[in-house]
Amino acid sequence: MVLCSSLWGMEDVERGLFAPLLLDYYDLPSRLKQCFSYYAFLPKNYVFYIDNLISMWMAQGYIDSKENMDMEIIATEDFENLAMRSFFKDFEKDEDNVKIINCKMHDIVHDFAQLMSKIECFTINSHMELGSYYKNVRHLQLKILRVAKFPKSIYSAKNLRSLIFEYQSDYNLSNLFQHFRCLRMKRVKVCDMLKELPNAVENFIHLRYLDLINYCGDRLPETICNLCNLKFLKIII
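For the sequence shown, counting from 1, position 158 maps to 158 in the UniProt record's numbering; every step adds exactly one.
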């Protein structure tokens with residue numbers, strides 16, 4: 001399913017369906033507009049952990065450093081700014097009931113985020129193809145079922161900055177790693193086990209965030225050391 005929802009359009013905003021959200025959105029500084037729209041890249045009803053989200057924002061360059069201020073502190077303040085506008089629900093806090101650990105975005109707010117992200121965020125399955133007018137997509141979630149064909153049309157997305165790749169097939173990751181050299185954030189989730197990471201990972205010269213889920217390899221390729229921009233490496237066994 002394409003993330004840009006076909007259920008909503010700007011006419012819905014004009015009718016007042018999203019009017020309160022639109023006022024809040026226009027009140028945000030440009031940096032926070034980017035942070036907010038990035039939620040359209042995540043699935044609806046998705047439980048996101050604040051630390052992970054902040055790392056993704058930083059990987060995309062959404063957080064500007066300020067004198068004598070840590071970027072993570074700035075990003076946390078940005079999240080709290082969005083949270084105060086009632087965009088989120090189902091908060092889980094730490095033991096002291098102070099720090100927010102994770103939460104979800106309200107469904108209607110997620111629909112609004114999809115609308116505002118326009119053609120930059122998509123989710124596609126193995127049986128779908130990206131149209132030629134989606135070449136400018138920047139954030140993509142791709143799900144490949146077992147014994148499914150890989151949609152080669154995604155290779156036309158030369159401006160891709162974020163990729164969540166979830167697969168259950170025997171797809172050769174090396175093929176994927178020959179493309180998308182502009183990627184800054186990549187998450188690979190294998191529903192079985194990811195036995196090794198290809199040497200071609202070094203092609204992602206701009207990569208800042210790498211998340212490997214269900215990784216069972218005993219080592220990482222030495223070529224990962226060539227990722228000079230990599231700041232966040234997360235491995236879940």
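Where is the CB? At the ideal position from N, CA and C, for every residue including glycine. Being a predicted model, the structure only gives us computed values, none of them experimental.
By a beta-carbon distance limit of 8 Å, residue 162 contacts residue 139. Their separation comes to about 4 Å.
Excluding its 5 nearest sequence neighbours in each direction, residue 100 has C-beta neighbours in its own chain below 6 Å: 50, 91, 93, listed in chain order. Residue burial is scored here from C-beta neighbours: residue 117 has at least 16 other C-beta atoms within 10 angstroms and is therefore classed as buried. Using a 10 angstroms sphere on the CB of residue 181, the tally of other CB atoms stays under 16, which defines it as exposed. Here the segment 193–212 does not lie against the segment 21–40, with fewer than 3 beta-carbon pairs under 8 Å apart. Sixteen is the threshold: since fewer than 16 other Cβ atoms of the shown chains lie within 10 Å of the Cβ of residue 46, the residue is exposed. Taking a contact as a CB-CB distance under 8 Å, the pair residue 119 and residue 142 does not count as one, their CB atoms being some 16 Å apart.
The beta carbons of residue 193 and residue 216 sit closer together than 8 Å. Just so you know, the alpha carbons of residue 57 and residue 75 end up roughly 8 Å apart. Straight-line measurement puts the Cα of residue 232 at about 7 Å from the Cα of residue 55.
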